[in-house]
Structures are given as structure tokens and as C-alpha cells.
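Trainee:
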Amino acid sequence: MIIPTYNSAHYLAAAIESALGQTSPPHEIIVVDDGSRDDPAAVTAAYPSVKLLRQANQGVSAARNTGVAAATSDYLVFLDADDQLLPETLAKNLEQFAEHPDCGMVYGSYYYVDAQTRKITDYTFMPPGEDPFATLLRGNCIGMVAAVMFRRDVYQAVGGFDASQRASEDYDLYLRIARRYGVVGRPDVMTEYWQHGGNASRDNAFMLRWVLDVLRRYRDDAQARPEWRAAIRQGEANWVRFYADTWVANLRTGGVAQLGPLMKQALGITRIAPTALARSAVRAAKWEARLKVRRVRRALRDRSAQPPGRAS
Numbered sequence: 003m004i005i006p007t008y009n010s011a012h013y014l015a016a017a018i019e020s021a022l023g024q025t026s027p028p029h030e031i032i033v034v035d036d037g038s039r040d041d042p043a044a045v046t047a048a049y050p051s052v053k054l055l056r057q058a059n060q061g062v063s064a065a066r067n068t069g070v071a072a073a074t075s076d077y078l079v080f081l082d083a084d085d086q087l088l089p090e091t092l093a094k095n096l097e098q099f100a101e102h103p104d105c106g107m108v109y110g111s112y113y114y115v116d117a118q119t120r121k122i123t124d125y126t127f128m129p130p131g132e133d134p135f136a137t138l139l140r141g142n143c144i145g146m147v148a149a150v151m152f153r154r155d156v157y158q159a160v161g162g163f164d165a166s167q168r169a170s171e172d173y174d175l176y177l178r179i180a181r182r183y184g185v186v187g188r189p190d191v192m193t194e195y196w197q198h199g200g201n202a203s204r205d206n207a208f209m210l211r212w213v214l215d216v217l218r219r220y221r222d223d224a225q226a227r228p229e230w231r232a233a234i235r236q237g238e239a240n241w242v243r244f245y246a247d248t249w250v251a252n253l254r255t256g257g258v259a260q261l262g263p264l265m266k267q268a269l270g271i272t273r274i275a276p277t278a279l280a281r282s283a284v285r286a287a288k289w290e291a292r293l294k295v296r297r298v299r300r301a302l303r304d305r306s307a308q309p310p311g312r313a314s
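Taking the numbering used here, I'd label the letters of the sequence shown as residues 3 to 314.
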């Protein structure tokens, strides 16, 4: 198990504890300090079995690859320092590999945890389908990388994480593996994705630019089959809609402090997809109107269902 950390020492102990608390103990735990300004060594010192590696800041992908180079296990799991595993994560994913030994990777579901409120939001599991490559071209059906277990030989065969990819690096890796190997998933919740801060701080234009860059890499591959060509076109449209809808939602809830960053994001999204934000705003307005109609109808039904009052 590889845990990259960058200025996340205050979360690191919980991540390590979740790794050590597995019903099927990890073969090894390797923490990679990616040039942090805090002190992850002070945390790992409390865990003699945990190996700490240090490197100059190169990004999360490079840190993960550094961990793999030092790892000896046949299977790989990547846990970010601010996330946590549920106790049966490794056992359940190993079960999947036992049932499907030729797969390149297996995965489970996860839920979001708000770090401030501890509120849990379920994540809807999406199966890989009969053609995992086509499914992934349409969208990231896997999501959180900590819910995934990789075969080490497969990870190395496809080149590991691309350290030049500034975002969506996990999505890129999933696609490379699915293009050549089988993928299996199960809906069991295995991991906790801890969210720190509001989503309005996320740069949707930046994320959209990088995820579309990932898909562009597979345009040549997609020409091999008509269903792949259709899937990649649908995927590009899905990602544009997702980040445009997210921007509109953030505009409605982000507050005055977020107006500046959101306007900058709007320019970036508009350069990529000129009509996307307008379409998302219209969808949001229609959805809100439908909700208001439903509320009115519900109120009228409730009122008509009440017994009449007694005459005085």
C-alpha cells in the first residue's frame, strides 16, 4: 500500500490506522513524502512497520510511482493521506482477484465524508459493463483511486501514473489498463473520500481541460470500433456537461467570496465549450421550477387530505 503525502501530516495518522486496521493486513505500507513543508516523519515514527520515502515535490503521480518502485507486493493500492479505507477493503478486492485472476484491476464503491460536519453521502456504484474501455470512455465509472486494487505487473506494463498529467491522472491510468486488460467491480463500499472545504473552490475549467486532454489521447484507439467512437463522443459531451453543471451549482451556493474565481472559471469553460454554461443554467432553472411545482402540488394534496374542522 502506497500513501503519498504533501502537507497532509495532520491527516496521515488516520490513513495509516485505516491501512493497519485491515482484516487482510497489507504486505507493506509505504509513505512517500512529496516535499512536504510539514513533518510526516513525526507521524510515521509512531509506526515501526511503515516505510517512509522522501523526494522533492514532483506531484502525486510521481510520488505514487516512487512508492511502486520501492514496493515488493504483487498487488498495489494507493491511499491518499487525507482519505481512509474501511476494514475489509483489501480482503474484498483480493476476493475479486481470486475470482478474476486475469483482470488488470478491480474496484469497489466509496462514500464522501464532509470533514467539517462528518456527514456521509453515498456514492452510486457504476459497473464496468461488458466493455470496460467503452464504459470508461463515456465517463469515470471507477472514481476514487483508493477503492481500486491493481496488479503490479499490469501497472508496470502500462507505464504507471503519468507524472506530466496535472489532473485526471487516475482516469488516464484506468483507461490505459481497460484498453488491454479486464476490469471487475463490486458495489461494496470500501473507502471514505474525505472532503475538505467547499466544492466552489475547485477549478472546474482546469479539471475540464485536463479530462478532455485525457480523452484526446484515446481518439486513435477509439477508431478501432464504432462503439468506441460513439463512446468517446459521448464522454466528451458528458464531461462538458458535468463541469458546467458543477459550475452553475457552485455559483448558486458559493457566496460573494467565490465570485472572482468562478468568473475566471467561466471564461475557461466558455473557451472550451461556448454554450455549455448557458445550457446548464437553463437546465438548473427548469429543474428548480419543477421542484416548486411539486412542492405546491404536495401542499395542496396535504391540505385536501386534512379532516374538516368542527363547526363552532
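Don't be surprised by glycine CBs; every beta carbon is placed ideally from N, CA and C.
1. Mind checking which residues open and close the beta strand (DSSP E) that includes Arg56?
2. Could you name each continuous alpha helix (DSSP H) segment of 4 residues or more that falls completely within the segment 57–135, going from the start of the chain to the end?
3. Using the DSSP secondary-structure output, state which residues sit across from Pro6 in a beta bridge.
4. Using C-beta distances below 6 angstroms, list every residue in its chain close to Tyr125, excluding the 5 sequence neighbours before and after it, in chain order.
5. Output the distance between the C-alpha atoms of Val191 and Tyr176, rounded to the nearest integer angstrom.
6. With DSSP collapsed to three states, give me the class of Val216.
7. Using the Cβ count rule (16 or more neighbours within 10 Å means buried), how would you classify Arg153?
8. Taking the alpha carbon of Phe80 as the point to measure from, which residue in Gln57, Thr46, Val150 and Glu97 has its own alpha carbon closest?
9. Quick check: what's the CA-CA separation for Lys319 versus Val250?
10. Express the C-alpha separation of Asp205 and Ala283 in angstroms, rounding to a whole number.
11. For Leu84 versus Arg56, is the C-beta spacing smaller than 7 angstroms?
12. Can you give me the start and stop residues for the alpha helix (DSSP H) that Val250 sits inside?
13. On the CB-based measure, 16 or more other CB atoms within 10 Å of its CB, does Leu269 come out buried or exposed?
Mentor: With the structure as the only source:
1. Here the beta strand (DSSP E) through Arg56 covers Val52 to Gln57.
2. Counting only runs of 4 or more, we get 62–72 and 91–101.
3. Per DSSP, Val34.
4. Excluding residues within five positions, the ones whose Cβ falls inside 6 angstroms are Ser111, Tyr112 and Tyr113.
5. Spanning the two alpha carbons is a distance of roughly 19 angstroms.
6. Judged by DSSP in its simplified three-state form, Val216 adopts helix.
7. Counting the other CB atoms within 10 Å of its CB gives Arg153 a total of 16 or more, which places it among the buried residues.
8. Minimum Cα distance to Phe80 is reached at Val150.
9. This structure cannot speak to residue 319, because the chain is shown only from 3 to 314.
10. Rounded to whole angstroms, Ala283 and Asp205 show a C-alpha spacing of 18 angstroms.
11. In the sequence on display, residue 84 carries Asp and not Leu. No, they are not a contact pair.
12. For Val250, the enclosing alpha helix (DSSP H) stretches over residues Pro228 to Thr255.
13. The residue is exposed, with fewer than 16 neighbouring Cβ atoms inside 10 Å.
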